[in-house]
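Let me begin by presenting the structure, written as C-alpha cells, before commenting on it.
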Amino acid sequence: MSYQKAKVKYAAYGVDTDKAIEALKTIPVSLHCWQGDDVRGFDTDPSKPLTGGIQTTGNYPGRARTPEELMADIDQVLKLCPGRKKLNLHASYAIFEEREWADRDKLEPKHFQKWVDFCKERGLGCDFNPTFFSHPKCDPLTLSSPNEETRGFWIDHGKACIRISSYLAQELGQPCVMNIWTGDGFKDIPGDRIGPRERYRQSIDEILSEPYDFKLVKPCIESKVFGIGVEAYTVGSAEFALSYAAFNRDKCIPLMDNGHYHPTEVVSDKIPALLAFFPEIALHVTRPIRWDSDHVVLFDDETKEICREIVRCGTERVNIALDYFDASINRISAWTIGFRNLQKGLLFALLQPNGELKELQNKDDWTTLMVLQEELKTAPFGEIWTEYCRQCGVPADGEWLPMVKDYEQKVLVSRK
Ligand code: RNT
Ligand code: ZN
Numbered sequence: 020m021s022y023q024k025a026k027v028k029y030a031a032y033g034v035d036t037d038k039a040i041e042a043l044k045t046i047p048v049s050l051h052c053w054q055g056d057d058v059r060g061f062d063t064d065p066s067k068p069l070t071g072g073i074q075t076t077g078n079y080p081g082r083a084r085t086p087e088e089l090m091a092d093i094d095q096v097l098k099l100c101p102g103r104k105k106l107n108l109h110a111s112y113a114i115f116e117e118r119e120w121a122d123r124d125k126l127e128p129k130h131f132q133k134w135v136d137f138c139k140e141r142g143l144g145c146d147f148n149p150t151f152f153s154h155p156k157c158d159p160l161t162l163s164s165p166n167e168e169t170r171g172f173w174i175d176h177g178k179a180c181i182r183i184s185s186y187l188a189q190e191l192g193q194p195c196v197m198n199i200w201t202g203d204g205f206k207d208i209p210g211d212r213i214g215p216r217e218r219y220r221q222s223i224d225e226i227l228s229e230p231y232d233f234k235l236v237k238p239c240i241e242s243k244v245f246g247i248g249v250e251a252y253t254v255g256s257a258e259f260a261l262s263y264a265a266f267n268r269d270k271c272i273p274l275m276d277n278g279h280y281h282p283t284e285v286v287s288d289k290i291p292a293l294l295a296f297f298p299e300i301a302l303h304v305t306r307p308i309r310w311d312s313d314h315v316v317l318f319d320d321e322t323k324e325i326c327r328e329i330v331r332c333g334t335e336r337v338n339i340a341l342d343y344f345d346a347s348i349n350r351i352s353a354w355t356i357g358f359r360n361l362q363k364g365l366l367f368a369l370l371q372p373n374g375e376l377k378e379l380q381n382k383d384d385w386t387t388l389m390v391l392q393e394e395l396k397t398a399p400f401g402e403i404w405t406e407y408c409r410q411c412g413v414p415a416d417g418e419w420l421p422m423v424k425d426y427e428q429k430v431l432v433s434r435k
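According to our numbering, the sequence shown is numbered sequentially starting from 20.
Quick look at the structure:
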C-alpha cells in the first residue's frame, strides 16, 4: 500500500497523517550517551564496576572507549534515527585535555566544550546529569551521607553541574534538563530512615541554591524503588522525589523513569496524574523486565500508552529522554531500535483520533470507544512510518540493520 492510500484510510477515522508527521518532527527526544559504553564514562577507571545499584550485563564487542569512539558511534545512530534529537550527557563524560583531569566537584564548562562543538555541528540541544555513582567518594552514600565531607563533595558536584547545564543551554540556545538521581540506599533494614532523607533534602536545597535561570536549566528529581545491593531502602523514593518537586515547583520538576516502580504500576497512568499539578514533567523511557533491568525500549503496549498520554496531555509539557543500556547486543543497534521505537510510539499516538476518543468517553459510549481503539491497532501505520522516515532522510525499516552490521565489521570488531 502506498502512503496516499494509507492516508485515505486514516482520514476515514478523522486523522490527518500529514499533520501527525509534521508534529512529530518538532518533538525533541533526548538520546542518552551512556548506551554506547555501558555507562562507564571517561573520568574514572573503566575497569571498576558500576555502582549505585545499576548494572549492565553482557560483553558484546565494540564498546566505545574514548570520546572520539563514542562520538563516532553516536553519529551512526543519528543517521539512522528520524526526528528531533537532543543529546543526554552525564558528568562522567567530561573530556579532559592532557594532565587536566578534574574530580567531580571541580568540573567546569570547559570540560564539555568538545560536546558543545559536537552538538552545535549537528544542531542538537543537550541535557545533563550529575554523576552520583561509580566513584571512590561514594561511601556508598552521596547526597544523603552522614559524613559531612562526603556530602559536601557531592553537593559541590551538583552545583558544578548546574553551572555546566547553564553553559550548555546558553551555548546551544535550548533548555537543558538536568536530572538529579542518586543510588543512595541500603541493602538491609535500616535503623534510621528519616535521617538520610532529611540530609538528601538539605543537599538538594543546597545544590539548587546555585543560581540558574529556570527557563534554561530544568533540574529534575528522579525517584527509584530499589537497586542491586540497595534492596531494602532507597533514600530518593517515589514519595520523597515527588514531594520534593511539589514543594519546590519554582525550582525543579519531577522525573519518572518507567523502570523505577513496582512491576504492576504503569507510568502511562502517572503522567496525567502529575500533569494535573505540575506544568511540566520529565521522563526516562526504558523497559524493565521484572526489575529496573534497562532493556532496550520496544514498540510495546506500555511504550505506546506512555506516548499516547504524552500526546494527549501536550508534548510541550513532557521532557522525553531514553534511559537503557544493553551490553549483550550490538550497541548501535540497541540505541537505534530503541529510539526508533519511541518515535513509532509517538507517531502511533499522533495518529489516534484523540478528540473523538475523549468525546466517546464523555458520552459514556464505551462500545464505540473499544471498537475504534481496537480497529486503529491494525490501521496501516507502517506506511505512515515509512513516509516519516523518508521525509526525515533516514533509512526505512529493513534498511538500517545492514548498515549497522557494516559499521560493526569496519569499526567495532577491532575495539578490544
Ligand atoms: C538509574 C537511573 C538513572 C541512570 C542514568 C545513567 O536507575 O535510571 O537515570 O540510569 O542516570
Ligand atoms: Zn533513569
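Just so it is clear, CB atoms sit at the ideal spot from N, CA and C, and this is done for glycine as well.
As the structure is a prediction and not an experimental result, all values here were calculated from the model.
Alpha helix (DSSP H) runs contained entirely in the region 45 to 73, provided each spans 4 or more residues:
With a minimum length of 4 residues, no continuous alpha helix (DSSP H) run stays inside the region 45 to 73.
Nearest-angstrom Cα separation, counted from P372 out to P399:
By one-based count along the sequence shown, residue 399 stands at place 380. By one-based count along the sequence shown, residue 372 stands at place 353. Spanning the alpha carbons of P399 and P372 requires a straight line of approximately 14 Å.
Nearest-angstrom Cα distance between E437 and L293?
Examination of residue 437 is not possible in this model, given that the chain is present from 20 through 435 alone.
Opposing strand residues paired with I339 [DSSP bridges]
As a working mapping, residue 339 is identified with position 320 in the sequence shown. Paired residue(s): V48 and L302.
Near ligand 2: W200 beta-carbon under 8 Å from a heavy atom:
Sequence index remark: in the sequence shown, residue 200 carries index 181 (1-based). Within 8 Å of the C-beta of W200 there is at least one heavy atom belonging to ligand 2.
If I measure Cβ to Cβ from Y407 and keep anything under 7 Å in the same chain, skipping five residues before and after, which residues do I get?
Here residue 407 is taken as the residue at index 388 of the sequence shown, counted from 1. If we look at Y407 and ignore the five residues flanking it on each side, its Cβ neighbours are I40, L43, P101 and L366.
State whether the region 132 to 146 contacts the region 115 to 122, with contact taken as three or more CB pairs (one from each stretch) at a distance under 8 Å.
No: fewer than three Cβ pairs fall under 8 Å.
Which residues count as close to ligand 2 when the rule is a CB under 5 Å from any of its heavy atoms, in chain order?
With the cut-off at 5 Å, the residues found are D276, H303 and D342.
Identify whether S164 lies in helix, strand or coil by the three-state DSSP scheme.
Taking the sequence shown and counting its residues from 1, the one referred to as residue 164 is at position 145. DSSP places S164 in coil when its eight states are reduced to three.
Is N166 near ligand 1, with its Cβ less than 8 Å from a heavy atom?
For this step, residue 166 is matched to residue 147 along the sequence shown. The closest heavy atom of ligand 1 lies 8 Å or more from the beta carbon of N166.
Considering only heavy atoms of ligand 1, does any lie closer than 8 Å to the CB of T305?
Residue mapping note: residue 305 aligns to position 286 of the sequence shown, counting from 1. Yes, since a heavy atom of ligand 1 falls inside the 8 Å radius drawn around the Cβ of T305.
Selected residue, minimal CA-CA separation from K363, among L388, W404 and I240:
Locating residue 363 in the sequence shown gives position 344, where the first residue counts as 1. Looking from the CA of K363, the closest CA among L388, W404 and I240 belongs to W404.
Proximity below 9 Å, CB of A301 to CB of K237:
By 1-based counting over the sequence shown, the position of residue 301 is 282. By 1-based counting over the sequence shown, the position of residue 237 is 218. Cβ atoms of A301 and K237: closer than 9 Å.
Should V316 be labelled buried (16 or more other beta-carbon atoms within 10 Å of its own) or exposed?
Walking along the sequence shown from the start, residue 316 turns up at place 297. Under a 10 Å Cβ-count criterion, V316 is classified as buried, with 16 or more other Cβ atoms of the shown protein chains found around its own Cβ.
Could you give the C-beta distance for D94 and A83, rounded to a whole number, given that I count them as a contact under 8 Å?
Here residue 94 refers to the residue found at position 75 when the sequence shown is read from its first residue. Here residue 83 refers to the residue found at position 64 when the sequence shown is read from its first residue. In fact, because the Cβ distance is near 11 Å, the residues do not count as touching under 8 Å.
Nearest by alpha-carbon distance to A110: which of G72, W53 and L420 is it?
Here residue 110 corresponds to residue number 91 of the sequence shown, with the count starting at 1. Nearest in C-alpha terms to A110, of all of G72, W53 and L420, is W53.
Nearest CA to the CA of K396: which residue from R59, D320, D383 and Q410?
Residue mapping note: residue 396 aligns to position 377 of the sequence shown, counting from 1. Checking every option, the nearest Cα to that of K396 belongs to D320.
Using 8 Å as the Cβ pair cut-off and three pairs as the minimum, do the region 64 to 72 and the region 381 to 391 touch?
Contact between the region 64 to 72 and the region 381 to 391 is absent, because fewer than three Cβ pairs lie under 8 Å.
One question on the structure: do A31 and V196 come within less than 9 Å of each other, judged by their Cβ atoms?
Translated into the one-based positions of the sequence shown, residue 31 becomes position 12. Translated into the one-based positions of the sequence shown, residue 196 becomes position 177. No, these two residues do not count as a Cβ contact at 9 Å.
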